[in-house]
Amino acid sequence: MKCATVLMIGDVVGEEGITAAITMLPALAAQYGADLTVVNGENAAAGYGLNAALVDVLFNAGADVITSGNHIWEKRDFWDCLDAAGHLLRPANYPAPAAGRGWVSIEKKGIPFAVINLQGRKFMNAIDCPFKCFDSVYAGLSGCYSDTENRPFVIVDFHAESTEEKEAFGFYVDGRAALVAGTHTHVQTADEKVLPCGTAYISDIGMTGADGGVIGMKVEPCLTRFVSHIQTRMECASGNPVIQGIAVRINPVSRQIIEIKRFRRAL
19 MKCATVLMIG DVVGEEGITA AITMLPALAA QYGADLTVVN GENAAAGYGL NAALVDVLFN
79 AGADVITSGN HIWEKRDFWD CLDAAGHLLR PANYPAPAAG RGWVSIEKKG IPFAVINLQG
139 RKFMNAIDCP FKCFDSVYAG LSGCYSDTEN RPFVIVDFHA ESTEEKEAFG FYVDGRAALV
199 AGTHTHVQTA DEKVLPCGTA YISDIGMTGA DGGVIGMKVE PCLTRFVSHI QTRMECASGN
259 PVIQGIAVRI NPVSRQIIEI KRFRRAL
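Just so we're aligned: the sequence shown equals residues 19 to 285 in my numbering.
Shown next, in the form of structure tokens:
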């Protein structure tokens, strides 16, 4: 039986990130034989948030689910779209009455998946506990299936600043989630692995955007922020688009991770 393959793309940043996704995502999905493609799009609109047009662009480029993070709230006129687009997620642990949804069940090519979007709290806003939120969502999912074999593969985009928190979360859900992929820092880490109880894990899958800047942003405003301590607004860098992410293959019968592989491709 064919493996179940999940493709996850790191934070799409601005115009260069959109260009990279449109140009390279279809070929990557074909290369890896992706059954499910998850794209973090929270920085797609000029580096801050999303808009309805770019949601359509990312879905048309091949995203099955679009995840996000703290910047999803940047554009207030976009909040209604969070309620309207079923496969567009914001972190599930934002307290009510936050717009939108934090997880979605989706079946692709006969394979059931559940994608959960969560946000960390260390060095970030102290929203609801992502650990307890996962417990709640997972319990609801488990209650819908009479046997383990038919339960969906649980995919988590854990949007967090702290690697310590990300790793702790990975061990907390080990054996329950099929995959925990960190996002938010825009820096791809080299710690992809399979945890003791079978969950594939990586601290950060990186970003999709302009290479050569500071996390996809222009160098000079970033230097001003650190040298002068003046909070100059960062702007997206241009040139040298790259796409970063991971491909994970899962045995659909044994439910064991066969491979987790990160990639970085330049346009």
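Yeah, the Cβ is synthetic: ideal placement off N, Cα and C, and Gly gets one too.
Quantities reported herein were computed from a predicted structural model and do not represent experimental measurements.
- The criterion of a C-beta distance shorter than 7 Å is not satisfied by residue 57 and residue 173.
- The segment 270-278 makes no contact with the segment 245-252, as fewer than three CB pairs between them are under 8 Å.
- If you draw a 10 Å sphere on the C-beta of residue 141, you find fewer than 16 other C-beta atoms in it, and that means exposed.
- Residue 48 and residue 21 have their C-alpha atoms roughly 14 Å apart.
- The beta carbons of residue 35 and residue 227 sit closer together than 7 Å.
- DSSP, reduced to helix, strand and coil, places residue 88 within a helical segment of the structure shown.
- Ranked by how close their Cα comes to the Cα of residue 179, the residues 201, 42 and 83 have 201 in first place.
- Looking at the DSSP output, residue 206 shares a beta bridge with no other residue.
- Counting only runs that start and end inside the segment 146-221, the beta strand (DSSP E) elements of at least 3 residues fall at 171-177, 197-201 and 218-220.
- With a 10 Å radius around the Cβ and a threshold of 16 neighbouring Cβ atoms, residue 74 comes out exposed.
- With respect to the 7 Å criterion, residue 100 and residue 118 are classified as neighbours on the basis of their beta carbons.
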